[in-house]
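Trainee: When you line the sequence shown up against the numbering used here, it's residues 8 to 148, in that order.
Glycine included, each C-beta is placed from N, C-alpha and C at the ideal position.
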Amino acid sequence: MLRRFALAVLLTASAFAQTHAPAETPRAQLDEIRGRRCEVPEGFRCGILVDVDLPDSGNMIASVVGGVVHQTSIIIGDTMYTVVYDPPLKRDDKFSGLRKYVRLPARIEGDDLTIQWPDKTKAKGRVVRREKLQPELPQPG
8 MLRRFALAVL LTASAFAQTH APAETPRAQL DEIRGRRCEV PEGFRCGILV
58 DVDLPDSGNM IASVVGGVVH QTSIIIGDTM YTVVYDPPLK RDDKFSGLRK
108 YVRLPARIEG DDLTIQWPDK TKAKGRVVRR EKLQPELPQP G
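Laid out in structure tokens, this is it:
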């Protein structure tokens, strides 16, 4: 009899606990694109970094020391730009915190694109490719 009563109390308590929402929802931000703000200086727009010329790691986090970055891809508005740097950029501390989909200030000037890195330095490169992300959608006139 005592075992049945203890079991009934245990099951009732666990069922009651599941009917109430937690008092405070966790503030975890799973969507990194929307979770980060882009502080844009005058003359720049907010771009999304899609690719940095790093060795293929099968979408795994890789730590790369030294070397150079020849190109980056960044989305600004509805266009993805592939930018080549001549001379190539040195991989240093400014690349350590960067990852896919981070927001960076960027400015387009004809065939040149300037990116402002998180350490406030700027890198200017030549646009070698422009891709409309959704060309099938109607474009404004």
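Taking its Cβ as the centre, do 16 or more other Cβ atoms sit within 10 Å of Ala13, making it buried, or is it exposed?
Mentor: Translated into positions along the sequence shown, residue 13 becomes position 6. Flag for Ala13 reads exposed.
Trainee: Taking Val59 as the reference, give the member of Tyr92, Met8, Phe51 with the closest Cα.
Mentor: As a working note, residue 59 is residue 52 in the sequence shown. It is Tyr92.
Trainee: Helix, strand or coil for Val109? Go by DSSP, reduced to three states.
Mentor: Stepping through the sequence shown from its first residue, residue 109 is reached at position 102. Here Val109 sits in coil by DSSP.
Trainee: For Met87, write down the residues that DSSP places opposite it in a beta bridge.
Mentor: Looking up residue 87 in the sequence shown gives position 80. According to DSSP, Met87 bridges with Ile82, Glu138.
Trainee: Since Leu140 contacts Thr86 with CB under 8 Å, what's their CB separation in whole angstroms?
Mentor: Reading the sequence shown from its first residue, position 133 is the one you call residue 140. Reading the sequence shown from its first residue, position 79 is the one you call residue 86. Between Thr86 and Leu140 the Cβ distance is about 7 Å, and since that is below 8 Å, they are a contact.
Trainee: What are the boundary residues of the beta strand (DSSP E) that includes Arg52?
Mentor: As a first step, residue 52 is located in the sequence shown; it is residue number 45 there, counting from the start. Here the beta strand (DSSP E) through Arg52 covers 52–59.
Trainee: Rounded to the nearest angstrom, what separates Lys131 and Glu143 at their Cα positions?
Mentor: Residue 131 sits at position 124 when you count from the first residue of the sequence shown. Residue 143 sits at position 136 when you count from the first residue of the sequence shown. Cα-Cα distance, rounded: 31 Å.
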